[in-house]
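Numbering (my numbering), first residue to last: 2 to 221. Ideal Cβ placement from N, Cα and C applies to all residues, glycine included. To start, the structure under review is shown below, and the notes come after it.
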Amino acid sequence: MSDPLIIAVPKGRILAEAAPLLAAAGIEPEAAFTDEGSRALRFATSNPGIDLIRVRAFDVATFVAHGAAHLGIVGSDVLAEFDYSELYAPVDLGIGHCRISVAEPAAMAEHDDPRGWSHVRIATKYPHTTQAYFAARGVQAECVKLNGAMELAPTLGLAPRIVDLVSSGRTLKENGLVEVAVIAEVTSRLVVNRAAFKTRPELMPLVEAFRRAVDAKVAA
């Protein structure tokens, strides 16, 4: 009997949105999965041939690309940033809607015109995406890599602008920042390891189950 398929799912907000799709695809995790006091990272499911692992959103793509997991749920922002050739993304799950945006202090934005930029210094966890976006517009982007607390960068003088995920915009507003450009709209995708897709025939029906779950959600 083959080892169980492993699905990597992200911690946090996206996990709550993904849960109904997992259930619709016939995957119900064990009780410990929703136990906030549990420190476990790997969980059995109602399907003995499928286990779940819960990791950081940015790490989902890495686990799947390197074959440590067979499938995963990951934002298109992460896929664009890492551009792993080992990943196949067959289904847009239609969850996790947000955007990657450029933001700066509101006072700066009052007299700033992005069309006049020639060089920018940006704090971001998306250096590849940021540099590609600005290079396409003839702007040189100097990126300062941060993994969190991006909104502090302008106020503490680390960088005058940031590139980060934006959903409601509340965090930006509370830190005196405003969006001045949208780099990309983001949704979460089902990703599959390409090598596993060729060698594990049970992956195809699972991908189709997710596709049907998304179609049913849209039709509802």
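Given residue i, which residues of its chain have a CB within under 6 Å of its CB, disregarding the five upstream and five downstream residues?
i	result
residue 189	15, 74, 76, 94, 96 and 97
residue 61	9, 11, 73 and 75
residue 164	103, 123, 125, 127 and 131
residue 118	140
residue 173	104
Could you say which of the options lies nearest to residue i if we only look at CA atoms?
i	options	result
residue 195	186, 205 and 187	205
residue 25	215, 220, 180 and 109	215
residue 207	192, 219, 220 and 109	192
residue 92	201, 19 and 37	19
residue 155	110, 17, 184 and 139	110
residue 217	21, 66 and 13	21
residue 3	44, 108, 50 and 168	50
residue 67	79, 57 and 87	87
residue 168	203, 99 and 13	99
residue 48	59, 13, 5 and 17	5
residue 78	101, 57, 56 and 13	101
residue 57	112, 203, 211 and 148	148
residue 81	212, 133 and 213	133
Could you check where the alpha helix (DSSP H) with residue i kicks off and where it finishes?
i	result
residue 200	195-200
residue 61	58-66
residue 180	Premise fails: residue 180 lies in the beta strand (DSSP E), 178-187, not in any alpha helix (DSSP H).
Excluding the five sequence neighbours on either side, which residues of its own chain have a C-beta within less than 7 Å of the C-beta of residue i, listed in chain order?
i	result
residue 70	7, 8, 9, 54 and 64
residue 34	44 and 53
residue 59	79
residue 85	62 and 66
Can you check whether the CB of residue j is closer than 9 Å to the CB of residue i?
i	j	result
residue 145	residue 135	no
residue 83	residue 129	yes
residue 170	residue 180	yes
residue 36	residue 45	no
residue 142	residue 27	no
Using the beta-carbon count (16 or more within 10 Å), is residue i buried or exposed?
i	result
residue 160	buried
residue 23	buried
residue 30	buried
residue 175	exposed
residue 219	exposed
residue 183	exposed
residue 42	exposed
residue 150	exposed
Taking the continuous beta strand (DSSP E) assigned at residue i, which residues delimit it?
i	result
residue 102	99-106
residue 145	141-146
residue 45	43-45
Can you list, in chain order, the residues of its chain whose CB lies under 8 Å from that of residue i, leaving out five sequence neighbours each side?
i	result
residue 178	104, 105, 106, 107, 152, 155 and 163
residue 89	192, 193, 194, 195 and 198
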